[in-house]
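Here the sequence shown is numbered in UniProt numbering, starting from 1 and rising by one per residue.
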Amino acid sequence: MMGMSKTEINLRRLLSAAPNQQNQSKLMHYVATLREQLEQLSEDKTPDGLPRVTKAKVNEYYEKIEAVASKIAAHVTSLKPHFSTAEKKNCVSLNHLIAMLLYLSTSSKEQSVDAGPSKAVKLDTAAKEHIDKHRKRQEDLTDEMVGLETTQGA
Numbered sequence: 001m002m003g004m005s006k007t008e009i010n011l012r013r014l015l016s017a018a019p020n021q022q023n024q025s026k027l028m029h030y031v032a033t034l035r036e037q038l039e040q041l042s043e044d045k046t047p048d049g050l051p052r053v054t055k056a057k058v059n060e061y062y063e064k065i066e067a068v069a070s071k072i073a074a075h076v077t078s079l080k081p082h083f084s085t086a087e088k089k090n091c092v093s094l095n096h097l098i099a100m101l102l103y104l105s106t107s108s109k110e111q112s113v114d115a116g117p118s119k120a121v122k123l124d125t126a127a128k129e130h131i132d133k134h135r136k137r138q139e140d141l142t143d144e145m146v147g148l149e150t151t152q153g154a
């Protein structure tokens, strides 16, 4: 049995957190991130050149990601006003809008990182150190999980 990579661990964590996320913009970001991670995971190869994750597992992750995406679509649909047939013909399809929003949230990822989490929030040095400490702990935990998977799989 092969060990899980950091990407797979992070994908699984995000997939497990997604159903509890109520903020639709964060949920859209989750879906975009999950899709990126799945793409990375499907391209990941072992040193022997074999896929690290089976096609069945990739398909399973894909279905779970699309279930989360459908939650967004259901929310948007419930907010959508009822249009007449003529108005519906003039509207851009809901799926196209969602795809555009997901694409924009993915493509603007670098911009949002450069701009910082929020201009309104000012963190003092102690708060920044506290956040960095927890981020480091999470990275260490992920590294440890990868190490455990590697030793158990050997």
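Ideal Cβ positions, reconstructed from N, Cα and C, are used throughout, including at glycine.
Once the 5 residues before and after residue i are set aside, which same chain residues still bring their CB inside 8 Å of it?
{"i": "V146", "result": "G3, M4, S5, K6 and I9"}
{"i": "A17", "result": "Y30"}
{"i": "K45", "result": "P51 and R52"}
{"i": "N20", "result": "none"}
Which residues does DSSP list as the beta-bridge partners of residue i?
{"i": "P51", "result": "K45"}
How would you label residue i, buried or exposed, when you count the other beta carbons within 10 angstroms and need 16 or more for buried?
{"i": "A127", "result": "exposed"}
{"i": "A69", "result": "buried"}
Rounded to a whole number of angstroms, what is the C-alpha to C-alpha distance between residue i and residue j?
{"i": "Y62", "j": "K136", "result": "29 Å"}
{"i": "residue 155", "j": "Q37", "result": "The chain is shown only over 1 to 154; residue 155 falls outside these bounds and no answer can be derived."}
{"i": "Q24", "j": "A32", "result": "12 Å"}
{"i": "L15", "j": "E139", "result": "18 Å"}
{"i": "N59", "j": "H134", "result": "32 Å"}
Closer than 7 Å by C-beta to residue i: which residues in its own chain qualify, once you throw out the five before and the five after it? Chain order, please.
{"i": "K109", "result": "Reliability of the predicted coordinates at K109 is poor, the pLDDT of 47 falling under 50, and no value is obtained from them."}
{"i": "A67", "result": "none"}
{"i": "residue 164", "result": "The structure shown does not extend to residue 164, since the chain is modelled only from 1 to 154, so the question has no answer here."}
Should residue i and residue j be called a contact, given that it needs their Cβ atoms to be closer than 9 Å?
{"i": "L27", "j": "K71", "result": "yes"}
{"i": "I65", "j": "L41", "result": "no"}
{"i": "I131", "j": "L141", "result": "no"}
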